[in-house]
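Accompanying notes for the structure given below.
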């Protein structure tokens with residue numbers, strides 16, 4: 001059966017194409033009354049999918065904004081407790097000069113701010129563009145952050161809260177990406 005040889009392939013840009021064997025001809029379309037029913041069924045399915053996807057997209061946006069606010073508050077607290085944190089580290093590593101510890105602190109803070117900017121830029125770009133590829137980029141950036149959060153979760157419980165939010169965004173982005181890929185496979189799919 002030639003239909004068993006049909007393959008869906010993802011292009012590097014994230015679009016999905018249908019691979020057909022050579023000489024494959026699609027069956028003749030149904031007559032007009034059946035065609036109208038199929039088109040109506042497709043439109044109602046697509047409209048339902050679009051509504052559901054829009055709700056999920058709003059939820060993902062709210063989750064990302066919530067994480068942004070909490071992370072901002074965390075960094076304000078983090079800077080407020082900087083002297084205390086550096087003092088504790090200096091107590092454990094007395095051989096290091098205070099200026100070195102402050103340099104390490106500000107270096108790590110700069111890396112965290114850079115990551116935070118990258119994370120939210122890619123996250124909001126994925127929402128804006130609605131492309132599977134940008135959601136995939138976001139999951140890669142979020143995955144890196146999850147691994148980093150695991151390494152720093154022992155420092156305090158608030159980091160665990162950021163870890164949980166980042167993990168939720170990661171899972172939600174993977175879900176939205178799979179939904180967009182599913183939409184691309186629907187018949188009559190316009191642009192995904």
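In full-length UniProt numbering, the protein residues as written are 1 to 192.
Think of the CB as a built atom: it goes at the ideal place given N, C-alpha and C, for glycine as much as any other residue.
In the pairwise beta carbon analysis, the stretch 160-175 is classified as not touching the stretch 107-118: fewer than three pairs are separated by under 8 angstroms. Around the CB of residue 94, fewer than 16 other CB atoms lie within 10 Å, so the residue is classed as exposed.
Cα atoms of residue 177 and residue 74: separation of roughly 29 angstroms, rounded to the nearest angstrom. When secondary structure is reduced to three states using DSSP, residue 167 falls in the helix class. Residue burial is scored here from C-beta neighbours: residue 6 has fewer than 16 other C-beta atoms within 10 angstroms and is therefore classed as exposed. Secondary structure of residue 19 (DSSP, three-state): strand. Exclusion of the five residues before and after residue 105 leaves 86 as the residues of its chain whose Cβ lies within less than 6 angstroms of its Cβ. Non-local beta-carbon contacts of residue 143 in its own chain, meaning distances under 8 angstroms to residues more than five positions away in sequence, involve 170 in chain order. Taken in chain order, the stretch 66-93 contains no complete beta strand (DSSP E) segment of 3 residues or longer. The Cβ atoms of residue 128 and residue 173 do not sit closer than 8 angstroms to each other.
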